[in-house]
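Only one structure is covered here, and it is reproduced in the block below.
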Amino acid sequence: MLMRRNHWMGADMRLLSVILFFVEFVRGAVLVSLLPIYGARTLGLSPDIIGIAISAHYITDTVLKIAIGYLLDRFSPRLIVQISLIVALAGVVALQFAELPWMFIGAAAIYGIGMSPLWIVCLTRVSEEHRATQMGFLYTIWLVGLGSGPIICNILLDYSSTLTYNLLVVLSVLAMLLSFFMKKSKQTSTHHIPIKAQIRALREKLASMKQLLPGMILQTTGSSMLIPILPGFATHELGLSGAQYSILLTVGGLCAVGGLIPMGKLSDKLGGNRWFLVIGFIAFALGLYVLAWGLSFWYCLVIAVGLGLSYSAILPTWNALLATYVPPKQEGVGWGLLSTFEGVGVMIGPILGGVIALWGGETAVFWTSAVLFGLIGLYYLTLKKIGVR
0 MLMRRNHWMG
10 ADMRLLSVIL
20 FFVEFVRGAV
30 LVSLLPIYGA
40 RTLGLSPDII
50 GIAISAHYIT
60 DTVLKIAIGY
70 LLDRFSPRLI
80 VQISLIVALA
90 GVVALQFAEL
100 PWMFIGAAAI
110 YGIGMSPLWI
120 VCLTRVSEEH
130 RATQMGFLYT
140 IWLVGLGSGP
150 IICNILLDYS
160 STLTYNLLVV
170 LSVLAMLLSF
180 FMKKSKQTST
190 HHIPIKAQIR
200 ALREKLASMK
210 QLLPGMILQT
220 TGSSMLIPIL
230 PGFATHELGL
240 SGAQYSILLT
250 VGGLCAVGGL
260 IPMGKLSDKL
270 GGNRWFLVIG
280 FIAFALGLYV
290 LAWGLSFWYC
300 LVIAVGLGLS
310 YSAILPTWNA
320 LLATYVPPKQ
330 EGVGWGLLST
340 FEGVGVMIGP
350 ILGGVIALWG
360 GETAVFWTSA
370 VLFGLIGLYY
380 LTLKKIGVR
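Taken in order, the sequence shown gives residues 0 to 388; the numbers are from numbering that gives the first Met the number 0.
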């Protein structure tokens, strides 16, 4: 009993992890497969409408994170998750009736609202003792779900769009039903902290973490700016076939997923937030820079392994570091605020990548992204200390 009680992941975290997997599986399938393929093939929508719908999803998801965090500090996380997953289910269900562009965009925006709270709830359940380890586990679930959703649904869409859509609805319903088995969390205090006091505490935290803000925005910008040009770069610059491109993505993703928990545990053991970030960011920058050389497939495969492992070093350590800046008893608001700052990069990155590709070519996007990640790594190398605990 004692060993079970001291295990690094409790029963509630395991349940949240299962829910997170279903939710991210559906999200990945919706954003990468359903909206682009189902929207164009079945609903006959134009690419610009589909692009706006995807942006609408990310905007509502990001903007609402602060508000959701505020609610999480006042209401039961179980209630918030239940309501959000019901809203997410409504967004998925609405897609089948979205024959008009504004309805399609609206359904995607509603789906973004439903997706907003779950990740923050997971972050607020991470323990102080095993922060990086649990972060690594959560990101493993996130990456596996987000990656497997599009792969499976792309295959299913070749046979039946109805079957694919019904699968996503069923998984959304299952995630919503599982949320009713979450523990009824008690509030951490008998009184609420006044909003002015919360704002003052958060302002003080933001002032103390100003050294991290550039990295928060630039790393999400640098990674998301690659999204719109990756397929074209693989075909035009690397000369890869569709199968080779899929192999690279799979290998890189598997290395990232496989390295998350070991890297998280190693970070917990060594307490080396700064060096994990420095090495991870610089290694990721070098990988992107070399990939832009246009090497053969086998060289690219080695680079993909390096990029995946670098990513696994950055993610759990970075989020464990951010956790040190979340004010006590304001976890919901704190994580909501931090997630919103990181979300800014996701919103502007794809646009920036498209503009740079138009101006200087797809290779220039890789070089720019590599420079951003390299600067982040060098910047944290110059800092004597990061983190406040």
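Backbone N, C-alpha and C define an ideal beta-carbon position, used for all residues, glycine too.
If you draw a straight line from the Cα of residue 213 to the Cα of residue 340, it comes to about 10 Å.
Per the C-alpha coordinates, the member of 297, 288, 178 positioned closest to residue 14 is 178. Distance check between residue 136 and each of 378, 169, 261, 150 places 261 closest, using alpha-carbon atoms only.
Taking C-beta separations shorter than 7 Å and ignoring five residues to either side along the sequence, the partners of residue 223 in its chain run 344, 345, 348, 349, following chain order. In the DSSP annotation of this structure, the continuous segment of the alpha helix (DSSP H) that includes residue 175 starts and ends at 160-177. Residue 64 counts as buried, since no fewer than 16 other beta carbons sit within 10 angstroms of its beta carbon.
Proximity of the stretch 105-113 to the stretch 148-162 falls short of the contact definition, fewer than three beta-carbon pairs being nearer than 8 Å. Annotated as proximal: residue 24 and residue 144, with beta-carbon spacing under 8 Å. Counting C-beta pairs closer than 8 Å gives fewer than three between the stretch 65-83 and the stretch 25-35, which falls short of the contact rule. Fully enclosed beta strand (DSSP E) runs of no fewer than 3 residues are not present anywhere in the stretch 256-296.
Below 8 Å, enough C-beta pairs join the stretch 232-243 and the stretch 291-298 to call them touching: three or more. By the neighbour-count criterion, in which 16 or more other beta carbons inside 10 Å mark a residue as buried, residue 287 falls on the buried side. The three-state reading of DSSP puts residue 224 in coil, since its state is none of H, G, I, E or B. For the options 37, 152, 253, the alpha carbon positioned closest to that of residue 140 is the one of 253. Per DSSP, residue 120 is one residue of the alpha helix (DSSP H) stretching across 100-123.
Here residue 91 is near residue 167, since their CB atoms are less than 8 Å apart. Your pair residue 218 and residue 372 checks out as a contact, with CB atoms roughly 7 Å apart and the cut at 8 Å. Residue nearest to residue 170 within the set 19, 351, 342, 54 is 19 (criterion: CA-CA distance).
Closest in C-alpha terms to residue 308, from the list 278, 295, 321, comes 278. Going by beta carbons, residue 369 and residue 284 fall inside the 8 Å limit. For residue 142, same chain residues with a beta-carbon under 7 Å away, outside a window of 5 residues either side, are 252, 255, 256 in chain order.
In the three-state scheme derived from DSSP, where H, G and I count as helix and E and B as strand, residue 148 is classed as helix. With 16 or more neighbouring CB atoms inside 10 Å of its own CB, residue 29 falls in the buried class.
For residue 41, no alpha helix (DSSP H) run applies, since DSSP gives it neither H nor E.
Selection 106, 74, 11, 119 evaluated against residue 51 yields 106 as nearest (Cα-Cα).
In the three-state reduction of the DSSP assignment, residue 210 falls in the coil class, being assigned neither a helical nor a strand state.
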